[in-house]
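Colleague: Numbering (this note's numbering), first residue to last: 308 to 1335.
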Amino acid sequence: MIFFFFLHRKKIKSFQFLRSKRKMDESSSEKLPLVHNGKPVIVNNNLTETDELTITSQPLGFIDPRELENIGCSLKPDTSDGFINRSYSNPDMFVISKRQPVIEEQKIENEEKNEMPSSNEDFEIVENSPKSEESDSFLTDNLSADNSRRSIDQSTPKTARTTPTKRLTPRADSTISFENVVSLVRTFPAIINKLLKKPWYANRVDEVCTFPRDMLAHYVLVPTDVDNEKFLIVEWEHGENEQQRDEVYHLTYAPNGFHVNEEEQDEPRKAFCFSILRATDKRDLMDLLHLCDKKSYLFETLECTSSSAKGNIEELISQIRSKPHYQLIHIAIASDRIDFFSDESISRLNEKDEPFEKQLRCLCHTENCYPVHLAVAMNRVKIVERLLEIDPKLFVATDSLGNNVWHHVNSSACAQSIWDKCPETHQYIDERNNEGQSPLSEAVSSAKALVTAFLIGKGAKFGRGDRNELFLAMISKNAQSVVEVVLTDKPEIVHERDSLGNSPIHIACYKESLNALLNKKHELGLDVNLKNKAGETSLLVYMSSRKPDLLPLLVTLYSHGADLNASDPHGNTALHKAAALVDAKKISMDCVKFLIAAGSDPNKLNDRGESPRHVAACIQNNDMLNVLKAAGASRCIRGYRGCRNDCRYQAFDNVLTEHEDFLATITIGVEEDYEKTELNPCEKLNIQRVLESPKKGKKARINLISLDGGGIRGLVIIQTLIAIEKVLKEDIFKYFDWSAGTSTGSLIMAGLARGKTLRQMQQTYLMLKDRVFDGYIPPYDTLQLEKFIQDEFGLEAVSDIKYPRLMISAVNSEKMPVRLEMARNYKPTDVTANETPKDMPLWMALRRSTAAPVLFKPSEDRYIDGGIISNNPALDLLGEVHGYNRSLQLAGKRSENVEINCIVSLGTGQIPCTPIDTLSIDSNSPLQSIKTIKNLASMFIDQATASEGAPVARCRQWADSLETPFFRFSAPLSKNIFLSSTSDLEICTMMWDTYIYCQKHQEYIEHLVEVLRHDADHPLQNNPFLEL
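1) At what residues does the beta strand (DSSP E) containing A786 begin and finish?
2) Alpha carbons only, please: which of V1034, L595 and V712 is nearest the one belonging to T531?
3) Measuring straight from C-alpha to C-alpha, what distance separates N600 and K630?
4) Count the other C-beta atoms from every protein chain shown that fall within 10 angstroms of the C-beta of N454, then say buried if there are 16 or more, exposed otherwise.
5) Considering only residues of the same chain and omitting the five flanking positions on each side of G808, which have a CB-CB separation below 6 Å?
6) Quick one: what's got a C-beta closer than 8 Å to A937's C-beta in the same chain, skipping five residues either side?
7) Do L1162 and Y1087 count as a contact pair if the criterion is CB distance below 8 Å?
8) Tell me whether P1148 sits in a helix, a strand or coil according to DSSP, three-state version.
9) May I have a chain-ordered list of the alpha helix (DSSP H) segments no shorter than 4 residues that lie completely inside the segment 1211–1271?
10) What residue from Q1217, N1208 and T1215 has the CA that sits closest to E1270's CA?
11) Taking the C-alpha atoms as reference points, what is the distance between S364 and D513?
12) Would you be able to state if there are at least three C-beta pairs under 8 Å between the segment 1087–1099 and the segment 1018–1038?
13) Mark T795 as exposed unless 16 or more other C-beta atoms lie within 10 angstroms of its C-beta, in which case mark it buried.
14) Which of the three DSSP states, helix, strand or coil, is assigned to Q461?
15) Could you name each continuous beta strand (DSSP E) segment of 3 residues or more that falls completely within the segment 1030–1106, going from the start of the chain to the end?
16) Do the segment 647–667 and the segment 693–706 touch if we need at least three Cβ pairs shorter than 8 Å?
17) Across the segment 898–913 and the segment 923–943, are there enough close Cβ pairs to call them in contact, namely three or more that are closer than 8 Å?
18) Can you give me the C-alpha to C-alpha distance between H597 and V533, rounded to a whole angstrom?
19) May I have the straight-line CA-CA distance separating K1241 from P1222, to the nearest angstrom?
20) With H, G and I counted as helix, E and B as strand and the rest as coil, what does DSSP make of L558?
21) Going by beta-carbon coordinates alone, are S1156 and S1106 separated by less than 8 Å?
22) Checking 8 Å against the spacing of the C-beta atoms, do A586 and Y556 come in under that value?
23) Given this structure, state the Cα-to-Cα distance separating E1121 from R1201, to the nearest angstrom.
24) Please classify G1256 as buried or exposed, where buried requires at least 16 neighbouring CB atoms within 10 angstroms.
25) Mapping DSSP to helix, strand and coil, what is Y526?
26) Given I1379, which residues of its chain have a CB within under 7 Å of its CB, disregarding the five upstream and five downstream residues?
27) If I measure Cβ to Cβ from A756 and keep anything under 6 Å in the same chain, skipping five residues before and after, which residues do I get?
28) Between which residues of its own chain and D930 is the CB-CB distance below 8 Å, once the five residues before and five after are set aside?
29) When the Cα atoms are used, what is the spatial distance from M850 to A887?
30) Kindly give me the distance between the Cβ atoms of A1007 and P1331, rounded to whole angstroms, as I take these residues to be in contact under 8 Å.
31) In whole angstroms, give me the CA-to-CA distance for A904 and S1277.
32) Please name the residue or residues paired with I1171 in a DSSP beta bridge.
33) What residue range does the beta strand (DSSP E) around F581 cover?
34) Taking buried to mean at least 16 other C-beta atoms within 10 Å of its own C-beta, is K884 buried or exposed?
35) So the candidates are E803, L762 and L882; which of them puts its Cα closest to the Cα of F778?
36) Output needed for A1253: all residues of its chain with C-beta closer than 7 Å, excluding positions within five of it in sequence on either side, in chain order.
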């Protein structure tokens, strides 16, 4: 609507004027005369037909159509030979003319489109009639806005018939041309700013803006001590349109001067000006004004009329402001001004400024280097190549710190150019600076992988001991690529030690470097638990030295198999060292929580018989004490001396319940938001029935386990199984006969079926998040996922796993509606079910199940994550067992039916509830409707992949109908952890939440263990299943 208004505003004014004229008193008997060439032509109150142009000053609304019919004219041009046009100079006048033949009209239209002025008629515009004086204001508005119309609407003398005259063309605003649209789009921001009363310049004070031409005259110069007409400070002229007053001062750059008289200047020197900085106090602009004046040469050589002018000026101003100590040549290099080094520029510099040769040897005092070193360090490849042409000997010089050009080189492209064009530099490739650093050591320390590879390729020598390049890379941030380069060229360097016996693992400061090193531990023969001369593993060194990246380092070490209970020569573990740190040396409790959740023993004693709780109590490390209490750390034994109240043994009744009492004070989120993990009366009755039955029944009894999907939250399942296994004191997976897994659950199930321990699976998952979810945004590298699955779970077929029975869910999205398919290591009894090929690799079945939409590409272009249909496969597992029993009955083998001993369903955590704003769609409120659609979409996705709530309730009721014990574990989480989260802090929090959940529900776990142990056939004695 704004577009339409501005495009047609003058036309609307014209119509408004005509309507106002038509409201005149029509009862007036006096009619305005028609004129022709300035003379009346009304005869007997009738129009007289003439061959000349006839003009009337009578308003259109007052012309009697019957009078027009007498001369063959009409108000409808398509019904008569004559037609009426309104005068473009006077809206009171109307031109009556003859209709031209069609061929002639087409010719005129073509001429108009080509903008070819041609006319064979002579025209004369008559003097305005008295009536037209009322429209002066209307004419003023119209004439000032349209240049083409303005040239037509002036009275001109009659021209000769043979003289070409510009023909009267239709009004420009009657049609929408492409030029009009482009012009309006360009001016649209200014129009909006004007409507909203916003200033013409940008909000950011240092953004370069072009001064509008019509605003230049409203500003005046502010006197300064800088005599440079191109750099000026201006302010709004007092008394000029106070409503639009500009309250800020502008530091301007005007290549042709701030005020330029357009009548005296040629087109190339037309006025244009840039506002380069703005401030409310002119003193804030003075520093930059002096700097710009000093470096005005760099502005003079800029092309200010190009489309990139503002960007170039802004970059130059940014470099001048951030580096005020730089000289002219240093600023030119920093802003990548290759034109500064041209022959023409060098000649001009030698004539008017400091000689170019002298500038080339001008030391930059802050960086302590010369321009050539600065260009190399800033990777200005074109400038480096130009300097190589000017004087290659510049690259042989060293700076004030002893660094040569190879110390400064920052890219392999620059390095290759210097190596090829300046052979004199080859001898300095191993030259050390004043600090003893070689170019190779400098490249490694700065994490420049390509430069490191280049220098190694050119024969740069490695250092030895604690100064070798691998050690430097391990203490450098983001140096994982450098580590890989060094290990590829010299793998034996991993076995070198420093003077204290530390290996590269001991001195690592950042996770990325450590991960890159430990990923090759098997092929390099690295021991992650290697001890130094002090008898400490890398884990113990980390706990004492306050590494800047401690939690990620601990996670990385553990994921590669570090022993969290390793001790020093005095028997102190990592928890002892954490408890002994006080005040500023304290580490984050998240590190302690991770160590405990990952298996560090809170009750292990050192050589003096001290537990971590005793150490923390003695130095009153209360944060550590609270974490140890939650973990169930025991008090000191009776009679141990030197204890405080928090660790002293007390023979009181409340000591036995101290752990439970403390756990009761710990809450995760809002308890009402989570499903409770407790036995209802029916479940207690079912457990009692099982426990009262004989251990050896007539029918084979089987245990079922179902593992939900949930990405990295599969760590919740692993942490829960670890807690159950701790009570069971045996390998838990041997107690189950039939299992089903979806997505992350299928990975855990396959790993346990392949013989991995739960701790190994925990370490696998901590590696998975860094190796698979390695991108910033999804989709992630599918090939990396496939390689990880193959490396961790092997290339064997699904059918190679003989026991227990496995079900791996996936969704075939080849057709709509999509279908749920199961990969099995047995032949299904349902003839309609898909049968898994006998040679299908296990990794392919897992790849299908883990192809989460958005995160990864579909497997084989059609299989996506099984969680789309069956994120909680417990119901599918029950249905599979029921189908097996019914098939035996149909085959006349009812006696071979299996009886379900118990069902265990494991979830990936309950996320906190979030309120929904609205679910109503209101046509009067589009924003509310958008929120509603977003909420509905989230709701549909949540329910499509639901594993909590209704699916659990249905499975529990089915199990109850079979009088079978049903156990559901799903820890409440303090925050929603995304499926592909790589945050070590979030992972640590999730593991600790699950650890506390399991500590709180020890009784529930004990009931499950009791049911599992009741069956004499478990752990498995013989296979209870028949092949049908």
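All C-beta atoms, glycine included, are put in the ideal place defined by N, C-alpha and C.
Modeller: For this structure:
1) No beta strand (DSSP E) holds A786; DSSP gives it neither H nor E.
2) L595
3) Reading off the sequence shown, one finds Asp at residue 600, where the question assumed Asn. Spanning the two alpha carbons is a distance of roughly 15 Å.
4) Because N454 carries a pLDDT of 41, less than 50, the predicted location of this residue cannot be relied on, and the following value inherits that uncertainty. With fewer than 16 other Cβ atoms within 10 Å, it is exposed.
5) N839 and K840
6) F969, L970, I973, I1303 and Q1306
7) yes
8) strand
9) 1233–1251 and 1257–1268
10) N1208
11) Note that S364 scores a pLDDT of 43, beneath 50, so its modelled location is shaky and nothing firm can be said.
12) no
13) exposed
14) Caution is warranted here: a pLDDT of 40 is assigned to Q461, below 50, making its placement in the model unreliable, and no coordinate value can be reported.
15) 1045–1048
16) yes
17) yes
18) 7 Å
19) 13 Å
20) strand
21) no
22) yes
23) 39 Å
24) exposed
25) strand
26) In the structure as shown, the chain begins at 308 and stops at 1335. Residue 1379 is therefore absent and cannot be evaluated.
27) S788, V789 and V792
28) K893 and M896
29) 10 Å
30) 3 Å
31) 16 Å
32) V1118
33) F581 to A586
34) buried
35) E803
36) N1178
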